[in-house]
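Notes follow the structure.
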Amino acid sequence: MKNRLRFILLFFIPLGISILFYACRKDTAIDFFQFGEEQFTNPDVPMDSNLAKIYYKKALKPTQNLVTANAKSAKANKKLLKFKDLYQSETYEFTFVEIPLYYNQRPSSFFNRENLSAEDAQKVLDGSFDRLIIYKDKNTGKVDQRIIRFIPSFEYLQKNNNDISNNHLNKLDRNFNGYLKYMSWDGTDLYLLKIVNGRSVQKFDYKTINSAKSARTSETCETICSWDYVQNCWYSDPEHTQNEHCGEWTLVATSCWSECTGTVTPPVNPCPSGNCGGSTPPVDQTGNTWPNNILLLEPHVSSVVKDMVKYLECFNATLPATINIYVDQPEANTSKTWSGTINDPDVGHTFVSIEQTIGSQVITRVFGFYPNKSINPFYGQTAGSEIHNDGGHLYDVKVTVVVPPAKLAAALTFSKNYSQGYDLDNYNCTDFGLGFANTIGVHLPDVDGTWPGGGGSNPGNLGQSIRGLESSTNMTIKKTSGTAVGNTGNCGN
Amino acid sequence: MIKYSLLVFIFFFASLGAKAYDDTGLINAFIKSVSDPKVKTDDIISNYLCLTEKNHDSEYYKLVVSQVELLRKDLANLQVEKFKILKYSEFPEAEKVILIDSTEYEYVYAVKNGKKTVVNLYVKNNKISSFVTMNKGKLKIFFILCK
């Protein structure tokens, strides 16, 4: 009996602990964001002011007195959020809010490329600000946050009268030049984006910058230096420059690294004598993987359209519209069904767009038909299908037709009810494009081609068939390559 | 009795990392075999690929042979021991262009030579289900080898 008890204790208790450990390990991230609130786990509930407040209160506020990781000072740094000026928006993958941040030790940074005078550098420090981004993944419902520092160039700041607060993460001024610095809640540096004319042109990963393993020297390197300051504040609105409640800026860290062609070398000490009061930037210790496309300024690749009804809801079926059928041939001006190598064949693509002017607004939606998973052409395996935003996709041939309201209505109905599965041989992107064209009375020649394991409608043959047509009063054929337009009009997804 | 407990612990924790380890090991072995001219293509197919087609004269089998041989060419003169294997979650954002269901992410890997992707792989049930993608401009779709 005693032995049996010992067996139970020694065998099942460790097993139980193991299972408990595994369960906790697996769900740590999810548990952190659940808080028992259904809206935190439901991907259909967007991130908004209320959710952000709950998240802040439960996940961030308890740790707000952590020392800012950049600061030399061990003094606790308290952060406050200005929910009144919250900005709410969304990208293809995330809904998010952007909230101005206050500190009792306000941090700021600049980069020395402009050879700024001390006075101008101070203006940049004053004009920079931090915002907290709380975002929610539209697919998984996962919620996370980042602090993003908006750092203008001195010229841009001057042109905007020292106030750049009109900028948002997904809506930068077209002439915004400067940097966006991504940090974790405790202030640990994560990433730096260089912004030129409102677009991200270069990304620096602080983990790489600080990794001695990736050290490399190059004759074509350019040195970038970062200067981090803090100022003690009793109260400050970081997005405006009335800093009467803040003290002097104090340099807490400075570092330089070399920007080489495609590589980043580790930091070097810009003050070898050690009297500059600086230090190298901290190593990213978070181990976080950068989440999907939180680099909101990076060009977006194709994106799945989750709800076609919503995607097309802006169109007015009582007005005419312009419709384009685009064909990206595997090899321009040939009927080849594929090009490139047999291990990564380019099979081309057929896709469409609808464009309509309503009042002064032009609404454009570009989309194409895709499988939603891997397929096997030899075994005739089919897949589910999904529609993707094909804005910016290259094409070789384009058919343009202006359609009356009735035909637009037919095209919208066809597109919203696209539910047919994807079959490489029998219903692929080209079959979808041909079906779409039929609904508006454009009957394009459907010529089959073959490929290893099968055959059917395809962009190569369709493109060549269209090239055989001539433009008419109702239909314009463009036979030179180009890039499809992007979506316009603020509605749907 | 203590031995039993230790065994339970060891077995349990070892199993946690087993899948990732196995996939990586399989991919390494596959890449090494493909880059080794002494290893026959037929052996590579039977040892590593999930191909269900066994008829060596079939059009399908011949295509797969051509695909493996093309991969051999791609790997020729490269230092395969320096390759890195990335899980899908570790892919750079710009390379997350493979059309798969989110439940399949765990099966997807990239073999990288520096910043360049040598091959994308779909690994399931200890076999390579695909090393071939169909390229649709911005997006890629795996061609799965087996039923």
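Chain order of the listed sequences is A and B.
Under the working numbering, the letters of the first sequence match residues 312 to 804, in that order.
Under the working numbering, the letters of the second sequence match residues 205 to 351, in that order.
Positions of the beta carbon are idealized from the N, C-alpha and C atoms, including for glycine.
Cross-chain neighbours of residue i in chain A, by beta carbon under 9 Å
i: Y326(B); result: S685
i: L267(B); result: I653, F689, P763 and G764
Rounded straight-line distance, which links the Cα of residue j to that of residue i
i: K890(A); j: E294(B); result: For chain A, the structure presents residues 312 to 804; residue 890(A) sits outside this window and is missing.
i: N478(A); j: T406(A); result: 17 Å
i: N329(B); j: T307(B); result: 15 Å
i: N683(A); j: I653(A); result: 21 Å
i: E609(A); j: G702(A); result: Because E609(A) sits at a pLDDT of 39, beneath the cut-off of 50, its placement in the model cannot be relied upon, and the point is left open.
i: N739(A); j: E781(A); result: 26 Å
i: K395(A); j: K617(A); result: 32 Å
i: I665(A); j: G752(A); result: 15 Å
i: S768(A); j: H660(A); result: 11 Å
i: Q433(A); j: Y706(A); result: 49 Å
i: I444(A); j: L412(A); result: 10 Å
i: Y446(A); j: P354(A); result: 11 Å
i: T668(A); j: A795(A); result: 18 Å
i: P688(A); j: L343(B); result: 17 Å
i: S522(A); j: S566(A); result: Only weak support exists for where S522(A) lies, its pLDDT of 47 falling under 50; the value from the coordinates is given anyway. Their Cα atoms are separated by approximately 14 Å.
i: Q775(A); j: Y367(A); result: 58 Å
i: K390(A); j: S464(A); result: 25 Å
i: E285(B); j: K319(B); result: 15 Å
i: S646(A); j: G771(A); result: 4 Å
i: F421(A); j: L325(B); result: 43 Å
i: G766(A); j: Y733(A); result: 14 Å
i: D448(A); j: V454(A); result: 7 Å
Chain-ordered chain B contacts of residue i [CB-CB under 7 Å]
i: F689(A); result: Y264
i: L305(A); result: Because chain A here runs from 312 to 804, residue 305(A) falls outside it and cannot be looked at.
i: D639(A); result: G341
i: D657(A); result: N339
8 Å Cβ cut-off: residues of chain A touching residue i
i: E308(B); result: K684 and S685
i: Q283(B); result: Chain A residues near Q283(B): none, gap ~17 Å exceeds 8 Å.
i: K351(B); result: N687, Y690 and Q692
i: I348(B); result: S685, I686, N687 and Q692
8 Å Cβ cut-off: residues of chain B touching residue i
i: T652(A); result: L274
Contacts around residue i, its chain only, beta-carbon distance under 8 Å, and the 5 residues preceding and following it disregarded
i: N486(A); result: Y467, K470, N508 and G509
i: D278(B); result: V322 and V323
i: I248(B); result: F234, S237, V238 and V272
Cutoff 6 Å; reference residue i; Cβ partners in own chain excluding five residues on either side
i: I636(A); result: V663, V710, G744 and A748
i: S650(A); result: P641, E642 and D657
i: A254(B); result: Note that residue 254(B) is Cys in the sequence shown here, rather than Ala. The answer, listed in chain order, is K331, S333, L349 and C350.
i: A721(A); result: T750
i: F346(B); result: Y326, S334 and T337
N- and C-terminal bounds of the alpha helix (DSSP H) containing residue i
i: E430(A); result: A429 to G438
i: Y252(B); result: T245 to Y252
i: G774(A); result: P770 to R778
i: K364(A); result: S360 to Y366
i: K727(A); result: P716 to K727
i: G659(A); result: Neither: G659(A) is in no alpha helix (DSSP H) and is coded neither H nor E.
i: V615(A); result: Careful: V615(A) lies outside any alpha helix (DSSP H), inside the beta strand (DSSP E) at S614 to V616.
Boundaries (first-last residue) of the beta strand (DSSP E) holding residue i
i: E263(B); result: From DSSP, E263(B) is part of no beta strand (DSSP E) but of the alpha helix (DSSP H) over E263 to L279.
i: G679(A); result: Q672 to P682
i: L391(A); result: K390 to L392
i: G489(A); result: G489 to M494
i: K340(B); result: T337 to K340
i: Q469(A); result: It is not in any beta strand (DSSP E) - Q469(A) instead sits in the alpha helix (DSSP H) that spans F465 to K470.
i: T741(A); result: Looking at the DSSP string, T741(A) is not in any beta strand (DSSP E); the run it does join, the alpha helix (DSSP H), is C740 to T750.
i: V620(A); result: From DSSP, V620(A) is part of no beta strand (DSSP E) but of the alpha helix (DSSP H) over M619 to Y622.
i: R417(A); result: Q416 to F422
Option nearest residue i by Cα separation, candidates the options
i: K621(A); options: S646(A), A564(A) and I698(A); result: I698(A)
i: N798(A); options: K727(A), T750(A), K789(A) and R676(A); result: R676(A)
i: Q416(A); options: W560(A), D657(A) and N481(A); result: W560(A)
i: L723(A); options: W545(A), V708(A), L735(A) and F678(A); result: F678(A)
i: L362(A); options: F351(A), M786(A), D355(A) and K372(A); result: F351(A)
i: R457(A); options: L436(A), S428(A), E409(A) and L504(A); result: E409(A)
i: L483(A); options: Y502(A), N472(A) and I462(A); result: I462(A)
i: I304(B); options: N251(B), K244(B), V243(B) and I348(B); result: I348(B)
Contacts that residue i makes with chain A (C-beta to C-beta distance below 7 Å)
i: I304(B); result: K684 and S685
i: S239(B); result: Going along chain A, no residue has its Cβ under 7 Å from S239(B), so there is no contact; the nearest lies around 15 Å.
i: S270(B); result: I653
Amino acids of chain B, ordered along the chain, whose beta-carbon sits closer than 9 Å to that of residue i
i: Y681(A); result: L303, K340, L343 and I345
i: P354(A); result: Near P354(A) there are no residues of chain B at all, since even the closest Cβ is about 11 Å away, more than 9 Å.
i: H556(A); result: Correct list: empty, because the minimum Cβ distance to chain B is about 40 Å.
i: H863(A); result: Past the edges of chain A, shown from 312 to 804, lies residue 863(A), and the structure says nothing about it.
Close-in-space but distant-in-sequence residues of the same chain around residue i (CB under 7 Å, 5 per side omitted)
i: I777(A); result: V638, V708, V710, L755 and I788
>> Please list, in chain order, the residues of the region 334 to 346 of chain B that have any C-beta partner in chain E closer than 8 Å.
In response: This model lacks chain E altogether; the protein chains it does include are A and B.
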